[in-house]
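Heads up: the structure comes next, in structure tokens.
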Amino acid sequence: MRRLLFAGISAALVAGASLAPAFASSVQPAYSAEAAGLIIGFKGDELDDALPDKPRGPWASGRDGVKARWDKKTREGRDRLSRIAKEAGLPDGATAEAGNGRLLRFKQPLRGKALDNALRRARLHPDVAWVEPDVLVPRLGVPRAPNDALFNQQWHLQPPATPTNLAGLNLPHAWGDTTGSVSGSSAVVAVVDSGIRPAHPDLAGKLLPGYDLVSDLSIANDGNGRDADPTDPGDWVDANDLNNPLFASCEVSGSSWHGTFIAGQIAAATDNGQGVAGLNWGARVLPVRVSGKCGAQLSDLLDGLRWAAGLPVSGLPTNPNPARVINLSFGGDAPCSFAYQATIDAVTAAGALIVVAAGNADRTLTRPADCRRVMTVASVHRDGSKAWYSSFGDRVALAAPGGTNEGGAATLLLSTDNSGATVPGVDGYGYKQGTSFAAPQAAGVASLMLAVNPSLSPRQLIERMRAGVRPHAPMPGLPVCGTAGVGPCACTTTTCGTGLLDANMSVALATGPAVVIQPLAQVEPGTVITLDGSQSVAIPGAQIVSYQWTQVSGPAVTISSANSAVAQATLRSEASYVFSLTAVDNLARSGEDTVGAVAAMPVVAASGGGGSTGQLWGASLWAWVIAMALWQRRRRG
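Sequential numbering of the sequence shown, starting at 0, is according to numbering that gives the first Met the number 0.
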């Protein structure tokens, strides 16, 4: 397997939605914040702010008349509010106005059960139409720029600008909402790659104990096999190495320091006044070394994926820090294989998102980019056109900047690096290009989303990042992407994914509830199935306040308890069905997921030798059932 580094210029410097539906009137949100008072609306208390056609009464203007009526209404309203507060047994407080509502400002703020009790008492009064707490509303996140010395050279992290930097990830706005979590599994991002330079100053305090899984000594280049030291000794290939049959297809090359560069992209120490900024300020990198000279053996790579996700690997200790996001910047010459897909399925089922590079061959995808359940990332130039080297295809999820060499430092990507051409030299910074370095940007943004909502599944991360992209820009004068070898081209949704990665929108879309639906087994027609979304969770500090089940496809059925977390439906016909659950939290944010079901008669062995028709029907049915099961697994992942 080859790393997807392309034409790295190691000029080492020493010095990343629509509003949810409003609450149903019958659903009352739960509040965890502190309230300074209650805002109350009276029945029949509509305030009239309309200006009359002409002044009425002794006032000189219509506006004076409106103000006089308002003043009279407010005096009456305050008296009425004082009476209602006393009758309802509400806490003592001052009366005032809140917009077009009435305000009862408590002498002491309330929260928790005391606040819930006050809200309930107010709602029960016959004169009250509605009530809500007077809580502190947080301001929108203010764009935040770190003070790292080289941050201004990291053009790919900046807000998008027309036409010079359409591909910018918009990180400062995302950082206004979150700079990442510093603890828990959501803070762990694995870099399954060439290892790292552990003494790099911009990776200090950012690395977790990793592992070296390179088993062949000639590839490892460190004098030993698998061990607990993921240090990168260099992966150069010289003329003598080409005498080894294992390296017959390799080319003479210098050391890439590939894993170190990616680790810095994701989690370089940020806002520390030196070096570069990482996408996730709080993330910890789990270095998993699987490659050395010329690349990685497939067996080592697959074991590395399992170990990174916390799954057992024979002969290795269990990883105590399983990653929720795994960056895999490798490619190959073959379509996705059973070995690759089986490992990807296991890792995804364990809760880890695998982010992969599209490849640098400017052709249709090969493994692992064409495998199911991974997040494949293509590379674009600063202007949003497809990078001339980037592979493409309908399995690409989205596109991100990968750097190109036509403008030197102004168009390449900058990250942590090492000056050594072969053996390690001075830890510093360098410029590179390739889809290898587009993928870590998506991995870093995914980890920021998990910092906001750690309950998001791999599939939910992919879907929300795809939903938050900026559309591909038209590229007059460039051919439309889709033909191998054409170089820079205009991206489409079938070649470069749904659009350009936007960190700010992705983080914003992470804040809704994570809907978790229990999978359904095949049943016979006429069976009542249970649609169970009770394990759905809101982000920390929020609560789910409403559920809504709907049917997406299949013969129409009636869903009972459709507005509950757990519902039922009778699958009367032999067919496939799909159901959707939408959950809304107390801040009107929503999450959605779907589940598939199959109703089919069991296959009964025919007596008296059976017949070809029965056997064909049974085979077709089981093919259908297996296809539905695989569909469900893809939806869950």
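Glycine included, C-beta positions come from ideal geometry on N, C-alpha and C.
Source: prediction; values computed, not measured.
{"Query": "Just to confirm my understanding: we take Ser336, look at its own chain, exclude 5 residues before and 5 after, and list those with CB closer than 7 Å. What are they?", "Result": "Arg366"}
{"Query": "Can you tell me whether DSSP reads Gly7 as helix, strand or coil?", "Result": "Per-residue confidence for Gly7 stands at a pLDDT of 45, beneath the threshold of 50, marking its modelled position as unreliable; the derived number appears in the next sentence. Three-state result, Gly7: strand."}
{"Query": "How would you call Thr549, buried or exposed, if buried means at least 16 neighbouring beta carbons within 10 angstroms?", "Result": "exposed"}
{"Query": "Could you give the first and the last residue of the continuous alpha helix (DSSP H) run that contains Ser505?", "Result": "Ala502 to Leu508"}
{"Query": "Give the DSSP bridge partners of Ala34, in chain order.", "Result": "Leu109 and Val134"}
{"Query": "Would you report the Cα separation of Thr494 and Ala307, rounded to the nearest angstrom?", "Result": "30 Å"}
{"Query": "Is the Cβ of Thr375 closer than 8 Å to any Cβ of chain C?", "Result": "Included in the structure is just one protein chain, with no chain C present."}
{"Query": "Which residues in the same chain have their Cβ closer than 7 Å to the Cβ of Val26, if we skip the five residues on either side of it in sequence?", "Result": "Note that Val26 scores a pLDDT of 36, beneath 50, so its modelled location is shaky and nothing firm can be said."}
{"Query": "Can you list, in chain order, the residues of its chain whose CB lies under 6 Å from that of Cys249, leaving out five sequence neighbours each side?", "Result": "Val236 and Cys293"}
{"Query": "Please work out which residues of its chain come closer than 7 Å, Cβ to Cβ, to Thr129, disregarding the five sequence neighbours upstream and downstream, and give them in chain order.", "Result": "The sequence shown places Trp at residue 129, not Thr. Hits under 7 Å: Gly40."}
{"Query": "Measuring only the C-alpha atoms, how far is Leu168 from Phe246?", "Result": "38 Å"}
{"Query": "Counting along the chain, where does the alpha helix (DSSP H) carrying Met448 start and finish?", "Result": "Ala438 to Val451"}
{"Query": "What residue range does the alpha helix (DSSP H) around Arg465 cover?", "Result": "Pro457 to Ala466"}
{"Query": "Count the C-beta pairs between the region 356 to 376 and the region 404 to 421 that are closer than 8 Å, then say yes if the count reaches three, no if not.", "Result": "no"}
{"Query": "Taking just the CA atoms, how far does Leu411 sit from Asp215?", "Result": "33 Å"}
{"Query": "What does DSSP give as the partner residues of Phe391 in its beta bridges?", "Result": "Thr363"}
{"Query": "Note down the Cα distance separating Ala568 from Ala582, rounded to an integer number of angstroms.", "Result": "19 Å"}
{"Query": "What first and last residue would you give for the beta strand (DSSP E) that runs through Val190?", "Result": "Val187 to Asp192"}
{"Query": "For Asp234, is the classification buried or exposed, using 16 other Cβ atoms within 10 angstroms of its Cβ as the cut-off for buried?", "Result": "buried"}
{"Query": "Here's the rule I'm using: 16 or more other beta-carbon atoms within 10 Å means buried, otherwise exposed. How should Asp78 be labelled?", "Result": "exposed"}
{"Query": "Check whether the Cβ atoms of Thr259 and Arg196 sit closer than 8 Å, and answer yes or no.", "Result": "yes"}
{"Query": "For Ser505 versus Gly467, is the C-beta distance shorter than 8 Å?", "Result": "yes"}
{"Query": "Can you tell me the Cα-Cα spacing of Gly88 and Gly100, whole angstroms?", "Result": "20 Å"}
{"Query": "Taking the alpha-carbon positions, what's the Ser446 to Ala97 distance?", "Result": "39 Å"}
{"Query": "Mapping the DSSP letters down to three states, classify Val346 as helix, strand or coil.", "Result": "helix"}
{"Query": "Ends of the beta strand (DSSP E) at Ala219?", "Result": "Taken as a continuous stretch (DSSP letters only), Ala219 belongs to no beta strand (DSSP E), being part of the alpha helix (DSSP H) at Leu216 to Ala219."}
{"Query": "For Pro265 and Met600, what's the separation of their Cα atoms in angstroms?", "Result": "It is worth fixing the name first, because residue 265 is Ile in this sequence and not Pro. Distance between the alpha carbons of Ile265 and Met600 is about 51 Å."}
{"Query": "By DSSP, does Ala338 sit in helix, in strand, or in coil?", "Result": "helix"}
{"Query": "Under a three-way DSSP split, which group does Ser579 fall into?", "Result": "strand"}
{"Query": "Considering only residues of the same chain and omitting the five flanking positions on each side of Leu170, which have a CB-CB separation below 6 Å?", "Result": "Leu156 and Ala502"}
{"Query": "Taking only the alpha-carbon atoms, compute the straight-line gap between Gly429 and Ala348 and give it to the nearest angstrom.", "Result": "36 Å"}
{"Query": "Is Ala398 closer than 8 Å to Ala278 when the C-beta atoms are compared?", "Result": "Contrary to the premise, residue 278 reads as Leu rather than Ala in this sequence. Cβ distance not < 8 Å, so Leu278 and Ala398 don't count as in contact."}
{"Query": "Check whether the region 475 to 483 touches the region 414 to 423, counting contact only when three or more Cβ pairs, one atom from each stretch, lie closer than 8 Å.", "Result": "no"}
{"Query": "Report the three-state DSSP secondary structure of Thr494 (helix, strand or coil).", "Result": "coil"}
{"Query": "Report the rounded CA-to-CA distance for Ser611 versus Glu573, giving the unit in angstroms.", "Result": "Residue confidence for Ser611 is low, a pLDDT of 33 falling below 50, so the modelled location carries little weight; the figure read from the coordinates is stated next. So the two alpha carbons sit approximately 22 Å from each other."}
{"Query": "Less than 8 Å between the beta carbons of Ala198 and Tyr210, yes or no?", "Result": "no"}
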